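Participant: The listed protein sequences correspond, in order, to chains A and B. Heads up: the first sequence at position 501 corresponds to 500 in numbering that gives the first Met the number 0, and the numbers run straight through without jumps. Heads up: the second sequence at position 111 corresponds to 110 in numbering that gives the first Met the number 0, and the numbers run straight through without jumps. All C-beta atoms in this analysis are idealised placements derived from N, C-alpha and C, irrespective of residue type, glycine included. Remember, predicted model here, so these are calculated numbers, not experimental data. If you scroll down you'll find the structure; I have some questions about it.
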Amino acid sequence: MTEGTEGYAVSVPKGYRVGPWEVRDPIATGAFGSVYEARCAQPREGLPKSAALKFLPTGTGTPRQLTHLRELAEREVELHRRLTRPRLIRMFEALTVDDPDHPELDGATVLVLERAEGSMATLLDRSPHPPQGPALLAQTCEGLAQLHSAGWVHGDLKPANVLLMKDGSARLADFNMAAELEGTHAYTPAFSTPDYTPPELLWSEIGERGRQIRPSADVWAFGVLAHLVLTDTFPLPGGTPSARRDAGVRYARGTDELRLSPQLPDGWREIVRDCLARTHTERISTETLLRRVEEEAGTSRSPRLPRLRARRGRRSTLVLAAAAATVAVSGLAYGITTWAGDSGSGSEKGAGNAPATEKVVQASYGAGELRTDKGVPAVYRPLIVDSAHDCVQEDVTPALMAAMLKVESDFDRDLSDPANDEYGIARWTPRVLRWWIRSDGVTAKTIPEPPFSPAESIPAMSRYLCWIAPRIDAGRDGDRRVLIAAAYRTSYEKVNDAAGVPPKYRDYAARVAHYLKEYTPAEKK
Amino acid sequence: MYSIIVVPPPTTEDEHSGTYSAKRTRPQIRLAPGERLPFGRSANGNGLAIAHEGVSRKAGEITAQGAFWVLSNLSAHQTYVVENPEGAGEHIKVGPGRLDAPVPFEFSRIVLPAAGDLLPIEVWAPRHDYLRSPEGLDGATTTPAFSVDRTKRYFAVLAALCEPRLRGEPHAPLPTVDQVVERLRPHWPAASRTSVQWNIDYLAVKLRLKPGPDTADTGPRLNGKKESLVSLALRFDLVREDDLLVLTEPASRAAR
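Spelled out as structure tokens, the structure:
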């Protein structure tokens, strides 16, 4: 072991050569990989004189944790290959160590990264309440906005992952957990840093593809980071990470209030409070966050980021009200819940090879809530089931959404009906879709133009249904789910006024009811 | 965000089966940290009503406290015993009138004496954490979202399920429950289909497996719970090749 690398995830001797790079002193280590300073022994155009080499032990000689490390390394390389932004640390190249004589290094992935002077974590260790804190927070937030607007989630924002450059500016780094958004959310490996994890992810369910994460998880982490930088304390009380985690759960359940440090300046208090909203739907969007952080920090607006914010119109107030309504209901959902235990395991047969497994997963995805033998196309099942689960209203079910898609378009993603101004699998009218197309509840800047992909149409449909559901008056005749579907076709006011399905839409409602019954598994009826 | 699961005692219609009395249709009550579950004979004011003449009207209260839970004994005369079913007789006693006694086990069985009968209430604390690295607990380190106790039976069951694929055949068929029973029996003589299946169900809770396609009662069930558990365990290296030793060596005494 090289001197000074005790406890390092990867120990690399000084002078070790990887491609044109010669390893110098160790810089830092994380849970998965270790970073070393390196100088370029064979200068080449496009390569700096010195860089930071991040070693991820992905070789077969590495004794432990091989599978997930490969995945984490691939994620980071993938993000760097596809995304270069001013506030994200830059990758110059990615190499693989080929050195059978050093089995512990052979096969390791090496990321050649821009060299930083330190990190926010080392800065805070040295000088709590740093005077440049607000400016650094603004730059960190700018990095998040650049990442989010490119369609990625960081997934592990914390002081150690905010690097400080020689000129004193901040950049985001460490993209092992980063994931590209698919519709409203992305899938990340099930790793997190407890003190920066939003309550909804603390004990979240973990599916076949990892766990779902939204940009709002980064917004929560930013709130924690800002509180730490400005007050030298965590926003949630407790002397240990698990005490703070439990405090976070009590806060999210509504049994405790958020008590931020009195040292926090007023403007920042509001920002941190909006980042640390109880549920992801209530949290501030990244772009609004950036605008307010820049105002508060007194830094100039970032010229590099396109301004995505539209003026808030009348309808966006409605959208906010919808988010608030959703939240009120989700608060109730955390009560004591009773459920029947799982049935036993399925078949005793093994799975086939990987691609076949993927197909099988799709074909049976959510089979407990959506029948697999009634012609719902397998390719849309994950999208339908996950979108329905994103809504806390229990009437918005996968079977309801599938029944509506069947009746609206017969699952035709290419549907185009200019006469009625309706397009795509969910028959969205562009000027209506505008209010629902964005996962953060903010109205799109412009009216979206068809074609609308299923990945846009179906989650947007779930959001709209989720907004409608609590607005249908109680005690109306008929299945509430069918009333919700009718309100999607017309409006919730018309359904409430008619005290049921308006005559004009009875045929539509009857067809939805028919397929709803057909798609619902037996025990759920 | 629940942290404690309470499995009520079997009702008279339930048949008693095996060590874990695993009637899988029994409802489970999930408690979030800070939530209380009063239990007793009275259907009024008890989240868990136990219809048995020998149980006090207000018999007690279970409160989830993050990763562990506390028990209050509200009865006038009866002592409740809380057993660790995997703990070789390890138990604590909670006397009448004792409030908020902390219970440290991941699995517990509260035994309520009731006019000659003993009524078990099972309480699981699946959020128990275990040390992952020698550096200890640190809220600033990136850690996996779950941790497992390598001395528990559920880990041996998981290792047995993962074994064929860890031995170098990435697409090997998974062992059947019966094969797992056979594999584990040398060091766990009481292993049975029921207890192995119970551990598989518990693992799904412990690893927070998203209730997925396997909950279906219709359609092809090619992608069962075992398959999901194994792919998750291998993907996140919860079981590694050197862990397969648990299949050939008795686990530490503490786990028995």
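Rounded to whole angstroms, what's the CA-CA distance from A:S378 to A:M176? Just pull it up for me.
Facilitator: Note that residue 378 of chain A is Val in the sequence shown here, rather than Ser. Pairing A:V378 with A:M176, the inter-Cα distance amounts to about 26 Å.
Participant: Tell me which residue opens and which closes the alpha helix (DSSP H) that A:I270 is part of.
Facilitator: 265-274
Participant: Where in the stretch 24-57 of chain A do unbroken runs of the beta strand (DSSP E), each at least 3 residues long, occur, reported from the N-terminal end onward?
Facilitator: 33-39, 49-55
Participant: If you draw a straight line from the C-alpha of A:F31 to the C-alpha of A:E70, how long is it?
Facilitator: 11 Å
Participant: Comparing alpha-carbon positions, which option in B:T62, B:N43, B:T142, B:L98 lies nearest B:S71?
Facilitator: B:L98 is the residue among B:T62, B:N43, B:T142, B:L98 whose C-alpha sits nearest the C-alpha of B:S71.
Participant: Please name the residue or residues paired with A:R210 in a DSSP beta bridge.
Facilitator: A:T187
Participant: Taking all protein chains shown into account, do 16 or more other C-beta atoms lie within 10 angstroms of the C-beta of B:D241, making it buried, or fewer, making it exposed?
Facilitator: exposed
Participant: Residues in its own chain within less than 6 Å of A:A530 by CB, not counting five upstream and five downstream?
Facilitator: This structure does not reach residue 530 of chain A, given that chain A is present from 0 up to 524, and the question cannot be answered.
Participant: Please determine, among B:S41, B:W123, B:A48, the residue with the shortest C-alpha to C-alpha distance to B:F67.
Facilitator: If we check each option's Cα against that of B:F67, B:W123 comes out closest.
Participant: With a cut-off of 8 Å, does the C-beta of A:E204 fall near any C-beta of chain B?
Facilitator: A:E204 counts as touching chain B.
Participant: Taking 8 Å as the CB-CB cut-off, is B:L233 touching chain A?
Facilitator: yes
Participant: Got a sec: is the Cβ-Cβ distance from B:D242 to anything in chain A below 8 Å?
Facilitator: no
Participant: Roughly how many angstroms separate the alpha carbons of A:R380 and A:Y364, rounded to a whole number?
Facilitator: 6 Å
Participant: For B:S227, is the classification buried or exposed, using 16 other Cβ atoms within 10 angstroms of its Cβ as the cut-off for buried?
Facilitator: Buried is the call here.
Participant: So the candidates are A:P234, A:A225, A:I383, A:A144; which of them puts its Cα closest to the Cα of A:G132?
Facilitator: A:A225
Participant: Mind pulling the chain D residues with CB within less than 9 Å of B:A159?
Facilitator: No chain D is part of this structure, whose protein chains are labelled A and B.
Participant: Hey, how far is the Cα of A:E73 from the Cα of A:L55?
Facilitator: 10 Å
Participant: Just list the residues that DSSP pairs B:H76 with in beta bridges.
Facilitator: As far as DSSP is concerned, B:H76 takes part in no beta bridge.
Participant: Kindly say whether A:A72, judged by its beta-carbon, lies nearer than 8 Å to any beta-carbon of chain B.
Facilitator: no
Participant: Provide the residue span of the beta strand (DSSP E) that contains B:S107, from first to last.
Facilitator: 106-113
Participant: Measuring only between beta-carbons, confirm whether A:D155 sits less than 8 Å from chain B.
Facilitator: yes
Participant: With distance defined between alpha-carbon atoms, name the residue in B:L111, B:A203, B:V238, B:P143 nearest to B:P95.
Facilitator: Considering only alpha carbons, the answer is B:L111.
Participant: B:G33 touches chain A at which residues, Cβ-Cβ below 7 Å?
Facilitator: Ordered by position in chain A, the residues that pass the 7 Å Cβ test against B:G33 are R249, T254.
Participant: Where A:E294 and A:I283 are concerned, what is the direct C-alpha to C-alpha distance, given to the nearest angstrom?
Facilitator: Approximately 15 Å, taken between the alpha carbons.
Participant: Please give the ranges of any alpha helix (DSSP H) in the stretch 106-153 of chain A, keeping only runs that are unbroken, at least 4 residues long and fully inside the region.
Facilitator: 119-125, 132-148
Participant: Which whole-angstrom value is the C-beta distance of A:M90 and A:H79, which I expect to be below 8 Å?
Facilitator: Taking 8 Å as the upper bound for CB-CB distance, A:M90 and A:H79 are in contact here, some 4 Å apart.
Participant: A:A355 to B:H170, Cα distance in whole Å?
Facilitator: Reliability fails at A:A355, whose pLDDT of 42 lies under 50, so the model's placement of it is uncertain and no value is given.
Participant: Closer than 9 Å between beta carbons: that is the criterion. Which residues of the stretch 52-74 of chain B meet it against chain A?
Facilitator: Q64, G65, A66
Participant: Return no unless some Cβ of chain B is closer than 8 Å to the Cβ of A:G29.
Facilitator: Interface residue, yes.
Participant: Using 8 Å for Cβ pairs, my map puts A:R433 next to A:I424. What's the rounded Cβ distance?
Facilitator: Their Cβ separation, rounded to whole angstroms, is 17 Å, which puts A:R433 and A:I424 out of contact at 8 Å.
Participant: I'd like to check one pair, A:V34 with A:G58: are the Cβ atoms closer than 8 Å?
Facilitator: Contact: no.
Participant: Quick one, are the C-beta atoms of B:I28 and B:L36 less than 8 Å apart?
Facilitator: yes
Participant: Grouping DSSP H, G and I as helix and E and B as strand, with all else coil, what is B:L206?
Facilitator: coil
Participant: Can you tell me whether B:K92 is helix, strand or coil according to DSSP?
Facilitator: strand
Participant: With a 10 Å radius around its C-beta and 16 neighbouring C-beta atoms as the bar for buried, classify A:D245 as buried or exposed.
Facilitator: buried
Participant: Say whether chain B places a C-beta atom closer than 8 Å to the C-beta of A:L201.
Facilitator: yes
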